[in-house]
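Residue numbering for the sequence shown follows the UniProt record's numbering, beginning at 1 and increasing consecutively.
For glycine and all other residues, C-beta sits at the position ideal for the given N, C-alpha and C.
No experiment lies behind these values; they were computed from the predicted model shown.
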Amino acid sequence: MISMLPHAGPLAGLTAWIFSDGKAGHEAQCFGVVDALGVTAELKRVAPSGVFKWMAPWGPVSPRERFGQPDTPFRPPWPALAFATGRTTIPYLRALRRQAGFATYTVILMDPRTGPGSADLIWVPEHDHRRGPNVISTLTAPHRYSLQRLEALRAHMPAEIAALPQPRIACLIGGPNGDYRYSDDESQLIAGLQAFADKGFGLMVTTSRRTPEELAARIKDAVCKAKALFWDGTGQNPYPDFLAHADLFLITADSVSMTCEAAATGRPIYIFSPSGGSAKFDRFHKALADYGATRPAPAPGDEIETWTYKPLHSAEVIAAEIVRRWSKRAEMLPGLIAPSSQ
């Protein structure tokens, strides 16, 4: 589905390349902006090896890939726009920029850890310190859950969700990472889920790839007697419907992407914070709390509150800025658009 913006007219129908390292989260960010722009995107997955992987993002593309040659995936006609996110994709975007020149407008999502000349525009989340004339930031990361997509999902509620009592709470569970630990917090998390169930909430629970199997099993056992849906990774992923039909959320603090997606709904978000964390995570969660989107997860026995806030759709904000800057450059350099994009 394409999410069209009123200001996307100048770019609608043009072509874009997305350089991807294969990470689903990275691709979702790029496609979120592409959807908002209304452009047609071609995915260019890259997997440098050896010294060229080690040198990324600062080094070049391997000469063996013959970037720009007719019999390679990286050949003219050049796209009107190109996106990259992830360390190993940056050399490819720089190589494209050198060969295509002003014909291709280049965008990096997330700090590339390289100089500002790596792309025409760099997006970073507000909790990242990077700033500059060609750097923009938003409170949340871009994703594919536009207002239009959420409205379409809400128009068709699956029967198993409709059967749950209201209010319905989507419980989005992450897992340990380099900053958060779960060893001493699992019982608190499970007690919180049981407390929601005891209050008569309908639970929609999903774990992630980072959730330890033992924790997932304990959560499943804890909610099996409640009026709950638990996705164990088999069958069709109900996450989009959980997101669209939740009246409120409980999300673990390590799950930044799921928190950003939930913030697109304008519905209350409770954050459960395992032990650990970092200054960067703290800045992110403080900013969302200050905005009014999140509050700390209640302890068992606490009153469950509800509140509202303006939904956050960062993909549209980023798309609008790309349109503004691209249009300004197009006015200065007539004939800018690559032939393949016309």
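Checklist entry - Among Arg-324, Val-205 and Ile-219, which one has its Cα closest to the Cα of Ile-190? => result With distances taken between Cα atoms, Ile-190 lies closest to Ile-219.
Next on the checklist: Could you tell me the alpha carbon to alpha carbon distance between Pro-268 and Ala-170, rounded to whole angstroms?
Outcome noted: About 11 Å.
Checklist entry - In angstroms, rounded to a whole number, what distance separates the CA positions of Leu-5 and Gly-38? => result In this prediction, Leu-5 scores a pLDDT of 46, lower than 50, which makes its location untrustworthy; the coordinate-derived value is nonetheless stated afterwards. So the two alpha carbons sit approximately 8 Å from each other.
Next on the checklist: Using the Cβ count rule (16 or more neighbours within 10 Å means buried), how would you classify Asp-241?
Outcome noted: Under this definition Asp-241 is a buried residue.
Checklist entry - Which residues in the same chain have their Cβ closer than 6 Å to the Cβ of Pro-238, if we skip the five residues on either side of it in sequence? => result Close CB contacts of Pro-238 within its chain, under the 6 Å cut and outside five residues either way in sequence, are with Trp-231 (chain order).
Checklist entry - Can you name the start and end residues of the beta strand (DSSP E) that Val-205 belongs to? => result It spans 202–206 - the beta strand (DSSP E) in which Val-205 sits, taken as one unbroken run.
Item to check | Presumed contact (8 Å Cβ cut-off) between Gly-277 and Ala-253, rounded CB distance | outcome: Confirmed, about 7 Å.
Item to check | Which listed residue (Ile-90, Asp-128, Ala-41 and Pro-77) has its alpha carbon closest to that of Val-61 | outcome: Checked all of Ile-90, Asp-128, Ala-41 and Pro-77; the closest Cα to Val-61 is Ile-90.
Item to check | Inside the segment 252–309 only - beta strand (DSSP E) runs reaching at least 3 residues | outcome: Entirely contained in the segment 252–309, the beta strand (DSSP E) runs reaching 3 residues are, in chain order, 269–272 and 294–296.
Checklist entry - The beta strand (DSSP E) spanning Ser-20 covers which residue range? => result If you look at Ser-20, you'll find it in the beta strand (DSSP E) that goes 15–20.
Next on the checklist: By the three-class DSSP mapping on this structure, what secondary structure does Thr-40 have?
Outcome noted: In the three-state reduction of the DSSP assignment, Thr-40 falls in the strand class, which pools E and B.
Item to check | Nearest-angstrom beta carbon gap, Lys-53 and residue 396 [assumed within contact, 8 Å] | outcome: Outside the modelled stretch of the chain, which goes from 1 to 342, sits residue 396, for which no answer is possible.
Checklist entry - Based on the DSSP output, what are the partners of Leu-172 in its beta bridges? => result In the DSSP output, where bridge partners are listed per residue, Leu-172 has Thr-206 and Ile-251.
Item to check | Thr-89, DSSP secondary structure in three states | outcome: Reduced to three states, the DSSP call for Thr-89 is helix.
Checklist entry - Looking at the unbroken beta strand (DSSP E) that takes in Val-135, where does it start and where does it end? => result Note, Val-135: beta strand (DSSP E), 135–138.
Checklist entry - Closest by CA to Arg-210, which one among Leu-193, Gly-200, Ile-173 and Cys-224? => result Of all alpha-carbon atoms in Leu-193, Gly-200, Ile-173 and Cys-224, the one lying nearest the alpha-carbon of Arg-210 is that of Ile-173.
Checklist entry - Using DSSP with H/G/I as helix, E/B as strand and the rest coil, what is Pro-240? => result Under the three-state reduction of DSSP, Pro-240 is assigned to helix.
Next on the checklist: Given this structure, state the Cα-to-Cα distance separating Ser-49 from Ala-289, to the nearest angstrom.
Outcome noted: One C-alpha to the other measures close to 41 Å.
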